[in-house]
Structures are given as C-alpha cells and as structure tokens.
Amino acid sequence: MEQFQVKDKTLAPQGKLQIEWAAAHMPVLNTIKNRFAKEKPLKGLTLAACLHVTKETAVLVETLVAGGANVVLCGSNPLSTQDDVAAALAEEGVHVFAWRGQNTEEYYSCIDKVLDYDPVMTLDDGADLVGTLHSKRPQALKNVKGGTEETTTGVVRLRAMEKDGSLKYAIIAVNDAYTKYLFDNRYGTGQSTIDGILRATSVLLAGKNFVVCGYGWCSRGIAMRAQGLGANVIITEVVPTKALEAAMNGLRVMPIAEAAAIGDFFVTATGDISVIRKEHMQKMKDGAIMCNSGHFNVEINIPDLQSLSKAKRIIRPNMEEYTLKDGRKLYLLAEGRLVNLAAAEGHPSEVMDMSFANQALCAESLAKAAKMQPKVYTVPKQIDESVAELKLKSMGINIDKLTAEQQKYLSTWDMGTT
Ligand SMILES: NC(=O)c1ccc[n+]([C@@H]2O[C@H](COP(=O)([O-])OP(=O)(O)OC[C@H]3O[C@@H](n4cnc5c(N)ncnc54)[C@H](O)[C@@H]3O)[C@@H](O)[C@H]2O)c1
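Under numbering that gives the first Met the number 0, the sequence shown has 350 at position 351, and the numbering climbs by one with no breaks.
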C-alpha cells in the first residue's frame, strides 16, 4: 500500500519548524498528548482523518499518534494543505496524502487512499470522508466504530444522513461544543478571514463597504473584526433573529440585492449555495472584491461569474481578476474556497488548541465506548468543560467556585422576594 503522497518531501525541515511553533501555542493539546503518551488510549487503532493539513492539524496528529493510533490523513479542501507540514508529517511516518492545488479527482483519490487503510474511526471536516465511505466504499463500514466531525457544514450533512436513515455509525459533532464554535468559528474565522483578505489584496479596509453574508458564528466574527478595522459593515441574513441581532449590534442589514450595488468587499460564510449569484454580480461596482469563508466553494456562484466574463487573469497569488463583458472588473479571492485557509494559514493555533483538544478527547471517548447507535451526538459536557478549564489554566486565569449556600440556592425554588 502507498505510504504517503505529498508535493515535496524536501520541505520537511521547514514544516517541522511550523509544527513546533504551533505546538508552542497549543497548551491544552500538549497536556492531552502527554497523558496519551502514558495511557495509550488509542493503541493499535487506525484513524482516518480528512482535515485541513495545517501546522495545528499536525499537532493533533502527533497527539493521536502519542496515544497509540495509526493515523492516515488527507486534506479536507483542495487548496488548504500546507505542503511543508504535509512533508514533515510524511517524514514522521504518518500516512499523509495531501498537497495544495488538487483537482477534484485528485482530492477524492486521496480520500480513497485513506480508506484503503480500513480505519476504525473517522475524523472528518465537511463530511466528504464519511460521504465517500457510505456511498462508494460501504464494504469498509463494518470496521468503523465511530467518528467525529469538525465543521458546521459537515454536521448539517451528517444530520441529513441520520434523518434519511443512511448514517451507519455514531459521529460526535465536535463543531457543536461550546469550546469549538464560540472560539474557532467566531474568533478564529474572524481573524483568519481578515488575514486571508489582507494577504491576498493588501488593500485598506477602513472606510470601505464590507458586506458579510450571514450572521452566524463565523460571520459574526468576520463582521466584528472588519468593524474593528474601520470598515462599514453590512450584513445580509435570512433568519429574522440573527438579522435583528446584527442591527442591534449597530450594523446595517439589507438584502444582498441591495448590498450588491454598494459593497467594496463581499464575504460569504453561510454554509449555503449561490448566496452571491449572477443578478448580484450584475449590480456590483467596478473593482468589487469577493471571497468566501464557508466550507464549500458554492456560496459565490463561480459559473455565473464566468458566464458574465470575457477575460480572466491572475493578478497576485490567490486573486483572480474577471473582466466582465460590460468592461467592469470583479475580483475573486482563493477561487471562492475558504479564504482564511487558502490565502492565509487558517485559524491561529491558540484557537485550534481547543477545537483539536475536543477532537482528541472525543476520539478517546469513542475508543472506550461500547457500541453506540448510528446517530450524530453532541460532545459530552464533561469534555467541553474540561477543555475550557485546561484553557483557562494555561492562560493563568482563575475563576470563582459556587459556595455551598449558592449551590443550594440555585437548586431550590422556595426562596423568593425577601
Ligand atoms: N473558514 C473556516 O475556517 C470555517 C470555520 C468554521 C466553520 N466554517 C464554515 O462556515 C460556514 C458557516 O458556519 P457557522 O458555524 O457560522 O454556521 P451558522 O449556522 O452559525 O451561520 C450561518 C448563517 O448563515 C445564514 N444564512 C444561510 N443562508 C443564507 C443566505 N442565503 N444569505 C444570508 N445568510 C444566510 C444562516 O441563517 C446563519 O445565520 C459553514 O460552511 C462552516 O462549515 C468555516
């Protein structure tokens, strides 16, 4: 069986340094890694991971390996692999099949290679691994005990599988832990999306009309950080409560059809399809810049953009200029894929520390669990809270404990107005 496939194995020393830098900012995962090294909770288990191959993912992989697992890894996006990190992991003996700039066929061939290892557990980001396993490799399902899912879009797809009865094993929705989405989706995507936009464009955000599509966890973070840089943030939403929240946070809210005509920047992070499409592009100002931070590259309708255009050229890395038939120029970053991972390095390590601590602890709990029903499960509360406790400890922050009187007061009903 093929051992690994990466772009350039000679990049390994540089990748090793990146992994070291990430590990130095991931104290929670390091604590878990040290315990795993002693207890070996994953001993002899083959874990298939389909995750963005970043320096932080490498620290997670090293943690799982310390716990005794045999990890087989592929990327969860054709443009997000950090080739130096992939090379370093290959050098460490991890079976990694990933490189930046894959076409769709190469992307799925790497998922197939991972599944050739007959995993007992899957760690997925977006549910392409689970989807391929169920639809194309059903014979491999019998070995699989359980899995985890990292992102909102993956959880949405898995819940749809559970609903129509096609999900064949238990999955823990890591995304839905407080210590994941409150920090990773909000502060992680907030900072790294701005980072991606700045690296790709190098333009000023202050004073610009910055349209954020969605006001969910990721889009709230993006809006918050863009506002902090002085942009005039405009929100588009489909859920009234979220739109109201945006309005009360002082942001302008309007339909995308209106925002299209005034935006300088457009960022989608909805998990939805064709949020920005032909009718909106037709209204955009000359020079408008579009990008996406949602999981799949379907939020901006790229075929629509192509059909409106007469020419396309690459201006800078991760920036394509489309010249429309009417002469206007529109810019698309990172081919409409996750701009924070394709044009920058994904979330900062401090945030992934918590997301991946949840991944490691959920993998351990699945390994120890008796047979679970094929459903989507939430992260056990005790895991979520232990990650928060470890993170606070690593930050040197102490908090109060309930007194006996307070515990009693909060669990009884007989004391009212005094
Ligand atoms: N870039 C990253 O690193 C990263 C990190 C985490 C999650 N994600 C992905 O980002 C996407 C959003 O995740 P989330 O956790 O913020 O989800 P969420 O459910 O909290 O938010 C999505 C929001 O988009 C809104 N929405 C849906 N369709 C819309 C439309 N047509 N127009 C305007 N708003 C619309 C929804 O009402 C919701 O408020 C998902 O695809 C998720 O997988 C990306």
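Where a beta carbon is used, it is the ideal one built from N, C-alpha and C, also for glycine.
Whole-angstrom Cβ separation of Glu363 and Thr53, contact assumed at under 8 Å?
For this step, residue 363 is matched to residue 364 along the sequence shown. For this step, residue 53 is matched to residue 54 along the sequence shown. Not confirmed; about 22 Å, so no contact.
For Thr269, name the three-state secondary structure that DSSP assigns.
If you number the sequence shown from 1, residue 269 lands on position 270. Coil.
In angstroms, rounded to a whole number, what distance separates the CA positions of Lys380 and Val202?
By one-based count along the sequence shown, residue 380 stands at place 381. By one-based count along the sequence shown, residue 202 stands at place 203. Each residue's alpha carbon lies about 43 Å from the other.
Measure the C-alpha to C-alpha separation of Glu320 and Leu50 and round it to an integer number of angstroms.
Position 321 of the sequence shown, counted from the first residue, corresponds to residue 320. Position 51 of the sequence shown, counted from the first residue, corresponds to residue 50. Glu320 and Leu50: Cα-Cα distance of roughly 29 Å.
Roughly how many angstroms separate the alpha carbons of Ala418 and Phe209, rounded to a whole number?
Residue 418 cannot be examined here, being either before or after the span of the chain that is shown, 0 to 417.
Can you tell me where the alpha helix (DSSP H) with Asn33 in it begins and where it stops?
If you number the sequence shown from 1, residue 33 lands on position 34. Segment 26-38, the alpha helix (DSSP H) holding Asn33.
Can you give the Cα-Cα distance for Lys370 and Val143, rounded to whole angstroms?
Along the sequence shown, one-based indexing puts residue 370 at 371. Along the sequence shown, one-based indexing puts residue 143 at 144. Each residue's alpha carbon lies about 11 Å from the other.
Is DSSP giving Leu337 helix, strand or coil here?
As a position in the sequence shown, residue 337 is number 338, starting the count at 1. It is a strand residue.
Check whether the Cβ atoms of Met353 and Lys392 lie closer than 8 Å to each other.
One-based indexing of the sequence shown puts residue 353 at position 354. One-based indexing of the sequence shown puts residue 392 at position 393. Cβ atoms of Met353 and Lys392: not closer than 8 Å.
Once DSSP output is grouped into helix, strand and coil, what is the label at Tyr168?
For this step, residue 168 is matched to residue 169 along the sequence shown. Of the three classes helix, strand and coil, the one that applies to Tyr168 here is coil, per DSSP.
State the start and end residues of the unbroken alpha helix (DSSP H) segment that holds Glu319.
Position 320 of the sequence shown, counted from the start, is the residue given in the question as residue 319. Counted as a single uninterrupted DSSP element, the stretch harbouring Glu319 is not any alpha helix (DSSP H) but the beta strand (DSSP E) occupying residues 318-323.
Output the boundary residues of the alpha helix (DSSP H) element that contains Asp194.
Along the sequence shown, read from residue 1 onward, the residue named residue 194 stands at position 195. First-last of the alpha helix (DSSP H) with Asp194: 188-200.
So Gly164 and Gly125 are supposed to be a Cβ contact under 8 Å. How far apart are they, rounded?
Against the sequence shown, residue 164 aligns to sequence position 165. Against the sequence shown, residue 125 aligns to sequence position 126. With a contact defined as Cβ atoms closer than 8 Å, Gly164 and Gly125 miss out at about 21 Å.
Tell me whether Met283 sits in a helix, a strand or coil according to DSSP, three-state version.
Counting from one through the sequence shown, the residue named residue 283 turns up at place 284. In this structure, Met283 counts as coil in the three-state DSSP scheme.
Counting only the same chain and skipping the five closest in sequence on each side, list residues whose C-beta sits under 6 Å from that of His294.
By one-based count along the sequence shown, residue 294 stands at place 295. Same-chain partners within the cutoff: Gly125, Thr150, Thr152.
Taking the beta carbon of Val102 as the centre, do at least 16 other beta carbons fall within 10 Å, making it buried, or is it exposed?
Position 103 of the sequence shown, counting from 1, holds the residue named residue 102. The sequence as given places Asn at residue 102; Val does not occur at that position. Under this definition Asn102 is an exposed residue.
Return the CA-CA distance between Arg327 and Glu334, expressed in angstroms with no decimal places.
Walking along the sequence shown from the start, residue 327 turns up at place 328. Walking along the sequence shown from the start, residue 334 turns up at place 335. Taking the straight line joining both Cα atoms gives about 19 Å.
Considering Arg315, what are the terminal residues of the beta strand (DSSP E) in which it resides?
The residue given as residue 315 occupies position 316 in the sequence shown. 308-315 is the extent of the beta strand (DSSP E) around Arg315.
Hey, how far is the Cα of His94 from the Cα of Asp127?
Numbered from 1 along the sequence shown, position 95 holds the residue referred to as residue 94. Numbered from 1 along the sequence shown, position 128 holds the residue referred to as residue 127. Near 18 Å, if we compare the C-alpha coordinates of Asp127 and His94.
Looking at C-alpha atoms only, which residue of Glu257, Val129, Ile272, Gly92 is the closest neighbour of Ala169?
In the sequence shown, counting from the first residue as 1, residue 169 sits at position 170. Selected option, being the one with the closest Cα: Val129.
Where do the ends of the alpha helix (DSSP H) carrying Met394 lie?
Position 395 of the sequence shown, counted from the first residue, corresponds to residue 394. Note, Met394: premise wrong, no alpha helix (DSSP H); not H, not E.
How big is the Cα-Cα spacing for Ala230 and Val386?
Walking along the sequence shown from the start, residue 230 turns up at place 231. Walking along the sequence shown from the start, residue 386 turns up at place 387. Answer to the nearest angstrom: the Cα atoms are 34 Å apart.
Run the CB neighbour count on Thr402, radius 10 Å, all protein chains shown included, and call it buried at 16 or more, exposed below.
Indexing the sequence shown from 1 puts residue 402 at position 403. Under this definition Thr402 is an exposed residue.
Along the alpha helix (DSSP H) that carries Asp123, what are the first and last residues, could you check?
Translated into the one-based positions of the sequence shown, residue 123 becomes position 124. Element bounds for Asp123: not the alpha helix (DSSP H) but the beta strand (DSSP E), 120-123.
For a minimum of 4 consecutive residues, which ranges assigned as the alpha helix (DSSP H) are wholly contained in the stretch 361-416?
380-393, 403-408
Using alpha carbons as the reference points, say which of Pro254, Asp117, Ala159, Ala65 lies closest to Met0.
Taking the first residue of the sequence shown as position 1, residue 0 is located at position 1. Selected option, being the one with the closest Cα: Asp117.
Contact between the stretch 241-255 and the stretch 154-161: three or more CB pairs below 8 Å?
Contact between the stretch 241-255 and the stretch 154-161 is absent, with fewer than three C-beta pairs closer than 8 Å.
Which value, in whole angstroms, describes the spacing of the CA atoms of Ala172 and Asp123?
What you label residue 172 is simply residue 173 of the sequence shown in a count that begins at 1. What you label residue 123 is simply residue 124 of the sequence shown in a count that begins at 1. Cα to Cα, Ala172 sits roughly 10 Å from Asp123.
Tell me, to the nearest whole angstrom, how far the beta carbon of Ile193 is from that of Ala222; I am working on the premise that it is less than 8 Å.
For the purposes of this step, residue 193 is identified with residue 194 of the sequence shown, where counting begins at 1. For the purposes of this step, residue 222 is identified with residue 223 of the sequence shown, where counting begins at 1. Contact annotation, Ile193 with Ala222: C-beta distance approximately 11 Å; criterion of less than 8 Å not satisfied.
What are the start and end residues of the alpha helix (DSSP H) that includes Gly146?
Stepping through the sequence shown from its first residue, residue 146 is reached at position 147. Unbroken run through Gly146 is the beta strand (DSSP E), 145-148; no alpha helix (DSSP H).
Taking the CB atoms as reference points, tell me whether Ile396 and Asn357 lie closer together than 8 Å.
The residue given as residue 396 occupies position 397 in the sequence shown. The residue given as residue 357 occupies position 358 in the sequence shown. No, these two residues do not count as a Cβ contact at 8 Å.
List the DSSP bridge partners of Val421.
Any answer about residue 421 is impossible in this case: the structure gives the chain only from 0 up to 417.
State the start and end residues of the unbroken beta strand (DSSP E) segment that holds Lys328.
For this step, residue 328 is matched to residue 329 along the sequence shown. Unbroken beta strand (DSSP E) run through Lys328: 328-332.
Does the contact criterion of 3 or more C-beta pairs under 8 Å hold for the stretch 103-116 versus the stretch 19-39?
With fewer than three CB-CB distances shorter than 8 Å, the stretch 103-116 does not count as touching the stretch 19-39.
Is the beta carbon of Lys277 closer than 8 Å to that of Asp303?
Taking the first residue of the sequence shown as position 1, residue 303 is located at position 304. Taking the first residue of the sequence shown as position 1, residue 277 is located at position 278. Contact: yes.
How long is the line joining the alpha carbons of Ala259 and Glu236, rounded to whole angstroms?
Stepping through the sequence shown from its first residue, residue 259 is reached at position 260. Stepping through the sequence shown from its first residue, residue 236 is reached at position 237. Taking the straight line from one Cα to the other gives about 14 Å.
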